[in-house]
Amino acid sequence: MRGNGAPTSARAVSANRILVLRALLSAIGFNHGSNSLQELFEHELGDIYFAEHRMVDAYEEFASNTNDQRLTDLFEEHREQVGEHIERLVQIFDTMGEPPQEEECLGIEGLLAEYDEFEGKDPDPSALDLYNVTTAGKTQRYEISAYESLVEVAKALGNEEAADLLRETIEEEQETLEQLQEQGATFDYGSIPA
Ligand SMILES: [Fe+2]
Ligand SMILES: [Fe+2]
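At position 29 of the sequence shown (counting the first as 1) the number is 1213 in our numbering, and the numbers step up by one without a gap.
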């Protein structure tokens, strides 16, 4: 029976043990994972640094997988911006005297794996056109969420220079998302077989 009393399930007991163990390890100076705000910031920075590198290839693929010139232009334009986003991330690592380091971003990898799966099924070209827009939009939202949270952590750490650089990137991500939404709203849905 579920209630508001003390946790008694085996899972809750083992979760408590993990918390106690973490506290003990931390007390003796063994910090594993992202325990401090600075560590969390660097972890999330490495995550988006990894994601941006994956997006260079992804936007190139979106551009080569469409016959719509407006979409090709949009994808190629954002691909160029991704290079600037990576450059800003390098600058942010620099503000902390740290070399840029990638952390595998399973979120972006998952979205791109779904794309590869769809593309691998030899879809109708118009359906693929729409899926290019859809996937690009999903990745934009992921990036915007990641960057927005990084801005807040940068501010909390007093790293205003990093916060400013991150905000510049958010503006470009947002602009691209709006252009993708516009493409989605004006898409010729009748061109896809029913
Ligand atoms: Fe980006
Ligand atoms: Fe982006």
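Ideal Cβ positions, reconstructed from N, Cα and C, are used throughout, including at glycine. Note that the structure is predicted; figures quoted are calculated from it, not measured.
Q) Expressed to the nearest angstrom, what Euclidean distance is found between the alpha-carbon atoms of Leu1295 and Gln1363? A) Here residue 1295 corresponds to residue number 111 of the sequence shown, with the count starting at 1. Here residue 1363 corresponds to residue number 179 of the sequence shown, with the count starting at 1. Rounded to whole angstroms, the separation of the alpha carbons of Gln1363 and Leu1295 is 20 Å.
Q) By Cβ distance, which residues of its chain are closer than 6 Å to Tyr1299, with the 5 residues on each side in sequence left out? A) Position 115 of the sequence shown, counted from the start, is the residue given in the question as residue 1299. Excluding sequence neighbours, Tyr1299 sits near Thr1319.
Q | Buried/exposed call for Thr1279, threshold 16 Cβ in 10 Å | A | Taking the first residue of the sequence shown as position 1, residue 1279 is located at position 95. Counting the other Cβ atoms within 10 Å of the Cβ of Thr1279 gives fewer than 16, which makes it exposed.
Q | Other residues of its chain near Pro1377: CB distance less than 7 Å, five sequence neighbours each side excluded | A | Here the question's residue 1377 lines up with position 193 in the sequence shown. Taken in chain order, the residues that qualify are Asp1308.
Q) How about His1227 and Thr1353: do their beta carbons lie closer than 7 Å? A) For the purposes of this step, residue 1227 is identified with residue 43 of the sequence shown, where counting begins at 1. For the purposes of this step, residue 1353 is identified with residue 169 of the sequence shown, where counting begins at 1. Cβ distance not < 7 Å, so His1227 and Thr1353 don't count as in contact.
**Q.** Per-residue burial, Asn1219 [other beta carbons within 10 Å of its own, 16 or more giving buried]
**A.** In the sequence shown, the residue the question calls residue 1219 occupies position 35. Exposure of Asn1219 is indicated by the presence of fewer than 16 other C-beta atoms within 10 angstroms of its C-beta.
Q | Nearest-angstrom Cα separation, counted from Lys1339 out to Phe1234 | A | Position 50 of the sequence shown, counted from the start, is the residue given in the question as residue 1234. Position 155 of the sequence shown, counted from the start, is the residue given in the question as residue 1339. Approximately 22 Å, taken between the alpha carbons.
**Q.** Proximal residues to Glu1357 (C-beta, below 6 Å), its chain only, five neighbours per side dropped
**A.** For the purposes of this step, residue 1357 is identified with residue 173 of the sequence shown, where counting begins at 1. Here the set comprises Gln1324, Glu1327, Ile1328.
Q | Through-space distance from Leu1361 to Gly1321, alpha-carbon basis | A | As a first step, residue 1321 is located in the sequence shown; it is residue number 137 there, counting from the start. As a first step, residue 1361 is located in the sequence shown; it is residue number 177 there, counting from the start. Going from the Cα of Gly1321 to the Cα of Leu1361 covers about 6 Å.
Q. Between the beta-carbon of Asn1316 and the beta-carbon of Asn1249, is there less than 7 Å?
A. By 1-based counting over the sequence shown, the position of residue 1316 is 132. By 1-based counting over the sequence shown, the position of residue 1249 is 65. Annotated as proximal: Asn1316 and Asn1249, with beta-carbon spacing under 7 Å.
(Q) So within the region 1288-1340, which uninterrupted alpha helix (DSSP H) runs reach at least 4 residues, ignoring any that extend past its ends? (A) Entirely contained in the region 1288-1340, the alpha helix (DSSP H) runs reaching 4 residues are, in chain order, 1290-1303, 1309-1340.
Q. Could you give the distance in angstroms between the alpha-carbon of Glu1344 and the alpha-carbon of Lys1305?
A. The count along the sequence shown starts at 1 and reaches residue 1344 at position 160. The count along the sequence shown starts at 1 and reaches residue 1305 at position 121. As the crow flies, the alpha-carbon of Glu1344 is around 46 Å from that of Lys1305.
(Q) Taking 6 Å as the limit between beta carbons, can you name the residues of its chain near Gln1265, skipping five residues before and five after? (A) Numbered from its first residue, the sequence shown carries residue 1265 at position 81. Same-chain partners within the cutoff: Glu1356.
Q: Kindly examine ligand 1 and report whether one of its heavy atoms sits closer than 6 Å to the Cβ of Glu1261.
A: Within the sequence shown, residue 1261 is the residue found at index 77, counting from 1. Flag unset: Cβ of Glu1261 not near ligand 1.
Q) Beta carbon of Glu1362: closer than 6 Å to some heavy atom of ligand 2? A) Counting from one through the sequence shown, the residue named residue 1362 turns up at place 178. The answer is no for Glu1362.
**Q.** Reduced DSSP category for Gln1381 - H, G, I as helix; E, B as strand; rest coil
**A.** This structure cannot settle anything about residue 1381, because the visible part of the chain is limited to 1185 through 1378.
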